[in-house]
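For reference, the structure is listed below as C-alpha cells.
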Ligand code: FE2
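Residue numbers (our numbering): 587 to 971.
Right under this line is the structure:
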C-alpha cells in the first residue's frame, strides 16, 4: 500500500472561526483512574506496545496513590490507583469503573489558560500550581468538562525531567516493542440526552473551539439505534473532540449503554494514529487486543466504488484490510483506515480506535453503519440492546 505519512497539523490556524485566546500545542497526557494500575500498566505494555516511562508511588514518597506513566511516540498514558480507602479517587472508581479522568493539554502558559477559560465560565478544578524538582518546574491548572472528566493545562517549557516533578524515571526489565502508535488523533466524549449542543457551546465559548463537522441521527443510525455527533476542534486542528449524545430509535443507543454503565458522561474512545495500520493491527491482534467484529463481505465489495474518485486501493490491499477487520472511508480530500477495539474494561465503556489518515480529515462517517452493527452484535450478547 502506498505510504502516506499521517499529517500532524502545524501550529497555524486552520479552522476559521476558532478563537486564539487558548493556544494549545497538543495533548500532553491522558490519565485513567483504574482499579489496579500495576496490572493495567502491564496490559498496556504487553497488548498495546506502550513503554515504561515514569512512576510515582510509595517508593517515591507518595502515600496516596500510584501512577504509572506509559509512552508510545507522542502518546503519554497515566494509570492511577489509590493506595487507601480515604482517597477521593475511590469514589470515582466506584461510580465509573476504570476510565479517563484527565485529558491534559500542553500549553505555553497554564496560568493564562486557566484565567481565560474560568473567566468564560469554566468551573475550576485546580488553580495554577507550580511543582518543582531538580529538573525544573511545571505549572499546571485545570477545569471541569463533561461529567467528572477534567482538562488540565500543562506548561512544561521550564522542565526537562521524565514527566512531572515528583515522578521518577521508570526503568523496567520488561520492555515489549512498540506497535507503531504515534499520537492521539482525537478523543470522543459521550454526554446525556439533549446535552450535546450545550457542550458544543461550552467548547466554543470557554475553549474557543469551532464545530467543524456534524452528524445527525438521520446519518448515524442502523435499523435499531441512533446517535448524534458534533466534532469540535481548536484553531490549529491538533485537538479534536467529537461529542456524542444518544438519539431515540427502536432499541438502546450505544451512547445510552455507555452512560448507563459509566453512570454519567465521560470519554468514550481514544483514537490513536499509526503510519501503518496493517502492521499495527496485526501486532495488536497477536498480542491479544480484541477488536469489534469484521464488517460483512458486502462492505468490502462496496469499497472500490466508495473510494474511486478519491484514491485507488488495490484489490490485494482490500483483502488484507478485510482479513484484519480494518474499515475504509473516504472524504473529499482522501481516505482513512480505521478499526475499533472492544471496551478495554468489563463495563462496556472506554475503547480505543486505531486510525491511519491517507489525506482524509473526517471521522469515518461512511463506516458508521457497519461499525454500529458490529457494536450492536456485542450489545446483543450483553443483553443491553
Ligand atoms: Fe473516532
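We treat Cβ as the ideally placed atom computed from N, Cα and C, and that holds for glycine.
Relative to the Cα of residue 852, the nearest Cα in the group 836, 947, 714 and 843 belongs to 843. In the three-state reduction of the DSSP assignment, residue 673 falls in the coil class, being assigned neither a helical nor a strand state. Non-local beta-carbon contacts of residue 753 in its own chain, meaning distances under 8 angstroms to residues more than five positions away in sequence, involve 640, 641, 642, 646, 653, 655 and 747 in chain order.
Listed by position along the chain, the residues with Cβ atoms less than 6 angstroms from a non-hydrogen atom of the ligand FE2 are 772, 774, 855, 857, 939 and 949. For the pair of segments examined, the region 864–877 was found not to touch the region 687–696: the number of CB pairs separated by less than 8 angstroms stays below three. Between residue 659 and residue 930, the alpha-carbon positions lie close to 21 angstroms from each other. Three or more Cβ pairs drawn from the region 942–949 and the region 915–923 lie within less than 8 angstroms of each other, which places the two stretches in contact. The region 814–834 makes no contact with the region 749–766, as fewer than three CB pairs between them are under 8 angstroms. Taking a C-beta distance under 7 angstroms as the contact criterion, residue 820 and residue 795 qualify as a contact pair. Scanning 605, 765 and 611 for the CA closest to the CA of residue 872 turns up 765. Rounded to whole angstroms, the separation of the alpha carbons of residue 619 and residue 678 is 8 angstroms. Rounded to whole angstroms, the Cβ separation of residue 935 and residue 683 is 6 angstroms, and the two are in contact under 8 angstroms. By the Cβ rule, the region 603–610 does not count as touching the region 668–676, because fewer than three pairs are nearer than 8 angstroms. Distances from the CA of residue 951 to each of 799, 763 and 701 were compared; the closest alpha carbon is that of 799. Residue burial annotation: residue 953 is buried, with at least 16 other C-beta atoms found within 10 angstroms of its C-beta.
For the pair residue 685 and residue 724, the Cα-to-Cα distance works out to about 25 angstroms.
Distances from the CA of residue 715 to each of 707, 729, 708 and 904 were compared; the closest alpha carbon is that of 729. Between residue 971 and residue 962 a beta carbon distance of about 6 angstroms is seen, short of the 8 angstroms cut, so the two are scored as contacting. DSSP links residue 818 through a beta bridge to 797 and 827. Taken atom to atom, the span from the alpha-carbon of residue 633 to that of residue 727 is near 32 angstroms. Rounded to whole angstroms, residue 759 and residue 736 show a C-alpha spacing of 33 angstroms.
Taking C-alpha positions only, residue 690 is separated from residue 811 by approximately 32 angstroms.
Per DSSP, the beta bridge partners of residue 719 are 722.
With respect to residue 739, residue 710 sits apart: the two C-beta atoms are not nearer than 7 angstroms. Within 10 angstroms of the beta-carbon of residue 834 lie fewer than 16 other beta-carbons, which makes it exposed.
With respect to the C-alpha of residue 613, the residue from 771, 649, 888 and 801 having the closest C-alpha is 771.
The residues 904 and 914, in chain order, have a CB closer than 6 angstroms to that of residue 889 in the same chain once the five nearest residues on each side in sequence are set aside.
For residue 960, the enclosing alpha helix (DSSP H) has its first and last residue at 954–968. Annotation note: the region 716–797 contains the following uninterrupted alpha helix (DSSP H) runs of length 4 or greater, listed N- to C-terminal: 782–793. For residue 837 and residue 869, the gap between their C-alpha atoms comes out near 35 angstroms.
Listed in chain order, the alpha helix (DSSP H) elements of length 4 or more contained wholly in the region 857–919 are 863–872, 883–887, 889–893 and 901–910. Per the C-alpha coordinates, the member of 813, 755, 635 and 839 positioned closest to residue 802 is 813. Check the Cα spacing between residue 732 and each of 933, 809, 783 and 648: the tightest is with 783.
The C-alpha of residue 661 lies about 15 angstroms from the C-alpha of residue 942.
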